[in-house]
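Below: one structure, written as C-alpha cells.
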Amino acid sequence: MTGRMHVRILLIDDDRTVCRRLHEWLDAKGYEVFAFTKPALGLEQARRLPCDLALVDLRLPEVDGVDVLARLRGDSPQTRLVALAAFPETREIIAAIRAGARDLLIKPIQPEALYQAVERQLAEVGIGPRTEGEFNRRLGSRVRRLRLGAQRTQEEVARAAGITAAQLSQIELGKTGTTVWTLARISGALRVPLAAFFAERSEPGA
C-alpha cells in the first residue's frame, strides 16, 4: 500500500465470520476498516465519519440491505457502494444499483475478488492503482462465453439489448467499460441472471 492515500472502508454484514474475514483481508492491505454486524451502528459510524467505500450485505435480518445502501448514499454521496450477496436474484441486483451500488461481490467472497472490487471503485475516484483494463477484459470474456453458450449472434443480442453490435463487440473484447444497467439489458437479451457476469471462475486466458 506504499504511496496510497489513506482509505476508510465501512463493512456491514450480519455474519460475524464474514465480517472478521473481510476485515482481516482489507486490514492486511493497509485499509482502515470499520466492520459492523448491526446495520444501525454502521449507519451511525458513516454519519460520524464518512468512508471512501462501503461494503453492504443485501440480506440483513433487521433491515433491507438495499435501504442501507440508499441511506448511505443519502448521508454520504461521495462514498462508493459495493453490494454483497450469495446467489442474488436479478431484482435484488437492479434494486441495489438503483440504490447506488457500483459493484457486486458474490459470496463466498475470495480475497482477490475483494481486492479487485475495492481497487476498481477507488480507481474511479483517483485512489490507488487502476485495474479497469483487467476487469473489462474478464467481464468481456464472460459476456462472450454466455452469448456463445446461448447460441446467439452479436447482432441478435445487441438488438434485443438496445445497443449496437459494435458496442457489444467492444465490451466482449474488453476494450471499453460498461454500466451495470447495460449489463442488465444484455442479461435480459441472453435470458441469464445478471449475477452470471460477475461470477468468479477460471476462464481460458483470464
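So the sequence shown is numbered by this note's numbering: it starts at 30 and just counts up by one.
Using N, Cα and C, we set each Cβ at its ideal position, and we do this for glycine too.
Task: Reference G169; option with closest CA among S216, P137, L82 - done: On the sequence shown, residue 169 is found 140 positions in, with the first residue counted as 1. Closest by alpha carbon: S216.
- [ ] Determine, using beta-carbon pairs with one atom in the stretch 136–144 and one in the stretch 48–55, whether at least three such pairs fall under 8 Å.
- [x] yes
- [ ] Return the chain-ordered list of same chain residues with a C-beta closer than 7 Å to the C-beta of T207, the five sequence neighbours on each side being excluded.
- [x] Walking along the sequence shown from the start, residue 207 turns up at place 178. I200.
Task: Beta-bridge partners of D86, as assigned by DSSP - done: Taking the first residue of the sequence shown as 1, we reach residue 86 at position 57. Paired residue(s): L113.
Open item on the list: For L89, which residues in the same chain have their Cβ closer than 6 Å to its Cβ, ignoring the five residues on either side in sequence?
Closed with: The residue labelled residue 89 in the question sits at position 60 within the sequence shown. D43, P68.
TODO: Can you tell me which of the three DSSP states F65 falls into?
DONE: Walking along the sequence shown from the start, residue 65 turns up at place 36. Three-state DSSP puts F65 in a strand.
TODO: Using a threshold of 8 Å, state whether the C-beta atoms of L110 and A83 are closer than that.
DONE: What you label residue 110 is simply residue 81 of the sequence shown in a count that begins at 1. What you label residue 83 is simply residue 54 of the sequence shown in a count that begins at 1. Result yes, Cβ atoms of L110 and A83 sit closer than 8 Å.
TODO: Reducing DSSP to helix, strand and coil, say where A218 ends up.
DONE: Here the question's residue 218 lines up with position 189 in the sequence shown. Of the three classes helix, strand and coil, the one that applies to A218 here is helix, per DSSP.
Task: R171 versus T182: straight-line alpha-carbon distance, rounded - done: Numbered from its first residue, the sequence shown carries residue 171 at position 142. Numbered from its first residue, the sequence shown carries residue 182 at position 153. Their Cα atoms are separated by approximately 15 Å.
- [ ] Find the nearest neighbour of D96 within the set E121, L78, P117, Q107, judged by alpha-carbon distance.
- [x] Working through the sequence shown from its first residue, we reach residue 96 at position 67. It is E121.
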